[in-house]
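Trainee:
Residue numbers (my numbering): 861 to 1137.
1) Give me the residue from 998, 1021 and 1097 with the minimum Cα distance to residue 1051.
2) Bridge partners of residue 999, per DSSP?
3) Tell whether a beta-carbon distance below 7 Å holds between residue 994 and residue 979.
4) Three Cβ pairs or more, each shorter than 8 Å: is that satisfied between the segment 1021 to 1039 and the segment 943 to 963?
5) Using the DSSP secondary-structure output, state which residues sit across from residue 1017 in a beta bridge.
6) Closest to residue 1017 by C-alpha separation, out of 964, 1088 and 940, would be which residue?
7) Pick from 936, 1084, 1065 and 1002: whose alpha carbon is nearest that of residue 1034?
8) Let's test the definition: count the other Cβ atoms within 10 Å of the Cβ of residue 1015 and tell me whether it reaches 16, buried, or not, exposed.
9) Can you tell which of 1055, 1082, 1006 and 1073 has the C-alpha that lies nearest to the C-alpha of residue 936?
10) Are at least three pairs of beta-carbons, each pair with one atom in the segment 975 to 992 and one in the segment 1036 to 1046, less than 8 Å apart?
11) Taking the alpha carbon of residue 933 as the reference point, which residue from 985, 1030, 943 and 1001 has its own alpha carbon closest?
12) Where does the unbroken beta strand (DSSP E) through residue 1089 begin, and where does it stop?
13) Can you tell me the Cβ-Cβ gap for residue 1084 and residue 1091, rounded? I've got them flagged as a contact below 8 Å.
14) Around the Cβ of residue 1041, are there at least 16 other Cβ atoms within 10 angstroms (buried) or fewer (exposed)?
15) To the nearest angstrom, report how far apart residue 1071 and residue 1086 are at their CA atoms.
16) Look up residue 1072 in the DSSP assignment and say whether it is helix, strand or coil.
17) Per DSSP, what kind of secondary structure is residue 1067 in: helix, strand or coil?
18) My understanding is that residue 1003 touches residue 958, with C-beta atoms under 8 Å, so please give their C-beta distance in whole angstroms.
19) Between residue 902 and residue 940, what straight-line distance do the alpha-carbon atoms span, to the nearest angstrom?
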């Protein structure tokens, strides 16, 4: 004796197997129309077949009391996603695990506005194009109460572009000015800095950061909200010492006369000890 409906109008599909007029006693109220006995109000009920002596209904003897539970459940199931992709991701696959607070919920889903298809509670998508995507889910409980939910996320496969501002160092510098590695980006980006391979907490270098005259490297790592990363590396040499000048082949001369003696030929060599370019 199948029951269908959501408790507001629950009908027993019973046909009149005997000719003539027949009736039924519905405990708790109800109606009889078109060969169906309907319970309104959803209370658990009982009906008695063939009270007018019409005979049996569906093989049931006249006067037999038949009880059947009727649910008054009109609450739609609460749907959720136990697993889902991040709101921004650089992965071109997506797996959804659906959940409901009602046992026996039947799921259908639509991807990016397409037709609905039946799901067993798990949705898998592969080869996703870059951009925004939406999965819409419909879930119906065993008595027909329906709920809808959806989830939207964005796939992004391109690393961020680092645009540098400020004064970057020349290949050689005496650190008379601070070095500022400014960065700009159109989307939210997390930056990390490394000085000579070690983590560094800022993007401005001062003389106190570079105490030794030597070669340095500075790396900027930028990671966007989808997990894409790009890096830029700069190298330069700090040199704060002036060149040392060494004279050789200096001719003898009198303190009273800065010029060499008449006819004396000489050549002065100057060495700085550094190579300049």
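Positions of the beta carbon are idealized from the N, C-alpha and C atoms, including for glycine.
Please read all numbers here as calculations on a predicted model, not as lab measurements.
Mentor: From the atom records:
1) If you number the chain shown from 1, residue 1051 lands on position 191. The candidate whose alpha carbon is nearest that of residue 1051 is 1021.
2) To locate residue 999, count along the chain shown from 1; it is residue 139. As computed with DSSP, residue 999 is found in a beta bridge with 967 and 1007.
3) Residue 994 sits at position 134 when you count from the first residue of the chain shown. Residue 979 sits at position 119 when you count from the first residue of the chain shown. No; because the gap between Cβ atoms is not below 7 Å, this pair is not in contact.
4) Pairwise C-beta distances place the segment 1021 to 1039 out of contact with the segment 943 to 963, as fewer than three of them are shorter than 8 Å.
5) Numbered from 1 along the chain shown, position 157 holds the residue referred to as residue 1017. None, per the DSSP bridge assignment.
6) Translated into the one-based positions of the chain shown, residue 1017 becomes position 157. Among 964, 1088 and 940, the Cα nearest to that of residue 1017 is on 1088.
7) Indexing the chain shown from 1 puts residue 1034 at position 174. Looking only at 936, 1084, 1065 and 1002, the smallest Cα-Cα distance to residue 1034 is reached by 1065.
8) For this step, residue 1015 is matched to residue 155 along the chain shown. Classification for residue 1015: buried.
9) Within the chain shown, numbered from 1, the residue matching residue 936 stands at position 76. Of the residues 1055, 1082, 1006 and 1073, the one whose Cα lies closest to the Cα of residue 936 is 1006.
10) Contact fails: fewer than three Cβ-Cβ distances are below 8 Å.
11) By 1-based counting over the chain shown, the position of residue 933 is 73. Among 985, 1030, 943 and 1001, the Cα nearest to that of residue 933 is on 1001.
12) For the purposes of this step, residue 1089 is identified with residue 229 of the chain shown, where counting begins at 1. Where residue 1089 is concerned, the enclosing beta strand (DSSP E) stretches over 1089 to 1098.
13) Translated into positions along the chain shown, residue 1084 becomes position 224. Translated into positions along the chain shown, residue 1091 becomes position 231. Not confirmed; about 13 Å, so no contact.
14) Within the chain shown, the letter at position 181 stands for residue 1041. With 16 or more other Cβ atoms within 10 Å, it is buried.
15) The residue given as residue 1071 occupies position 211 in the chain shown. The residue given as residue 1086 occupies position 226 in the chain shown. Distance between the alpha carbons of residue 1071 and residue 1086: 38 Å.
16) Translated into the one-based positions of the chain shown, residue 1072 becomes position 212. Reduced to three states, the DSSP call for residue 1072 is coil.
17) Against the chain shown, residue 1067 aligns to sequence position 207. Note: residue 1067 maps to helix in three-state DSSP.
18) Position 143 of the chain shown, counting from 1, holds the residue named residue 1003. Position 98 of the chain shown, counting from 1, holds the residue named residue 958. 19 Å between Cβ atoms; not a contact.
19) Taking the chain shown and counting its residues from 1, the one referred to as residue 902 is at position 42. Taking the chain shown and counting its residues from 1, the one referred to as residue 940 is at position 80. Its pLDDT being 35, under 50, residue 902 is placed unreliably by the model, and the measurement read from it follows with that caveat. Cα to Cα, residue 902 sits roughly 28 Å from residue 940.
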